[in-house]
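Heads up: the sequence shown begins at 7 in this note's numbering, then just goes up one per residue. Ideal Cβ placement from N, Cα and C applies to all residues, glycine included. Note that the coordinates shown come from a computational prediction; the quantities given were computed from them, not determined experimentally. Please read the structure below before turning to the comments.
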Amino acid sequence: MEEIADKSTFRKDSKRLREILSAFRKDNIIETIVFGKNSENLRLAFEDLGPTFIKIGQIFSVRTDLLPESIINELKKLQDNTKSNAFEAVKKTIKDSLEKPLTSLFSTFNETPLASASMAQIHLATLMSGETVAVKVQHSNIKELMLQDMALMEKAIKILKKLPLKKAVDP
């Protein structure tokens, strides 16, 4: 049984690694980081890759000692204006978490989020009591995806440590 789980994990990791490498290749991310060109591509790639990369972008957006101003300014856009989940996913997350459908918890629920960030999005809603509240809804599958990304990054760092810098940047 453990062998089946290992194969399944390997397949998921391989698929995710292909997604990451494809986004980096498509948007010339290494060139962007090294030369500070096409900063928007870096932000878009991080958004496409999801919460782990959005969080990394948010961290880098305040590191003026590491990156050029053009990249910093673009990554700052990841602080509070990222892609949101579809409303159907929001309803499912609420139902799965609270074990009740959205309609039995709120008299109104704004389908359009007020904001969306790396981990969650915020919706305005009205409780059955009439009280207006902000509802923070975690993005779907965030925990699994972030754990997978972090494990892949750990493996990549071990490999990159063994490569000369020139090979890591320009294979």
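Pull up the distance between the alpha-carbon of residue i and that of residue j, whole angstroms please.
{"i": "T114", "j": "D86", "result": "24 angstroms"}
{"i": "M152", "j": "F16", "result": "16 angstroms"}
{"i": "R22", "j": "M156", "result": "11 angstroms"}
{"i": "K61", "j": "L108", "result": "28 angstroms"}
{"i": "D102", "j": "S146", "result": "11 angstroms"}
{"i": "S35", "j": "A51", "result": "In the sequence as presented, Ser is not what sits at residue 35; that position holds Ile. Their Cα atoms are separated by approximately 8 angstroms."}
{"i": "T132", "j": "S90", "result": "20 angstroms"}
{"i": "T70", "j": "I78", "result": "7 angstroms"}
{"i": "L111", "j": "T88", "result": "27 angstroms"}
{"i": "E8", "j": "P74", "result": "Confidence at E8 is low in this model, with a pLDDT of 47, below 50, so the placement of that residue should be treated as unreliable; the coordinate-derived value is given next. Cα-Cα distance, rounded: 46 angstroms."}
{"i": "D19", "j": "G136", "result": "46 angstroms"}
{"i": "K97", "j": "L158", "result": "30 angstroms"}
{"i": "K142", "j": "H129", "result": "7 angstroms"}
Assign residue i to one of three DSSP states: helix, strand, or coil.
{"i": "S124", "result": "coil"}
{"i": "A51", "result": "helix"}
{"i": "A162", "result": "helix"}
{"i": "N79", "result": "helix"}
{"i": "L130", "result": "strand"}
{"i": "F16", "result": "helix"}
Keeping to the same chain, check which residues put their C-beta closer than 7 angstroms to that of residue i; ignore five residues upstream and five downstream.
{"i": "I10", "result": "In this prediction, I10 scores a pLDDT of 48, lower than 50, which makes its location untrustworthy; the coordinate-derived value is nonetheless stated afterwards. Once the five neighbours on either side are set aside, I10 has no close Cβ partner at all."}
{"i": "A139", "result": "It should be noted that the sequence gives Val, not Ala, for residue 139. So the list reads A131, L133, once near-sequence residues are dropped."}
Using alpha carbons as the reference points, say which of the options lies closest to residue i.
{"i": "F59", "options": "L108, L27, L120", "result": "L27"}
{"i": "S124", "options": "D71, T15, I78, K83", "result": "K83"}
{"i": "K149", "options": "T118, A126, V139, I163", "result": "A126"}
{"i": "P57", "options": "E160, K164, K142, S122", "result": "S122"}
{"i": "S76", "options": "E94, K164, L55, K43", "result": "K43"}
{"i": "E117", "options": "K106, E105, A95, L166", "result": "A95"}
Check for me: the beta strand (DSSP E) holding residue i runs from which residue to which?
{"i": "K142", "result": "138-144"}
{"i": "T114", "result": "112-115"}
Please return the same chain residues whose Cβ sits closer than 6 angstroms to the Cβ of residue i, not counting the five positions on each side in sequence.
{"i": "E80", "result": "S45, E46, R49"}
{"i": "M134", "result": "S113"}
Counting along the chain, where does the alpha helix (DSSP H) carrying residue i start and finish?
{"i": "D102", "result": "93-104"}
{"i": "Q64", "result": "57-66"}
Beta-carbon within less than 8 angstroms of residue i's beta-carbon, same chain only, minus the 5 sequence neighbours each way: which residues are those?
{"i": "P177", "result": "Reliability of the predicted coordinates at P177 is poor, the pLDDT of 46 falling under 50, and no value is obtained from them."}
{"i": "N72", "result": "Note on residue identity: the sequence assigns Leu, not Asn, to residue 72. The answer, listed in chain order, is F66."}
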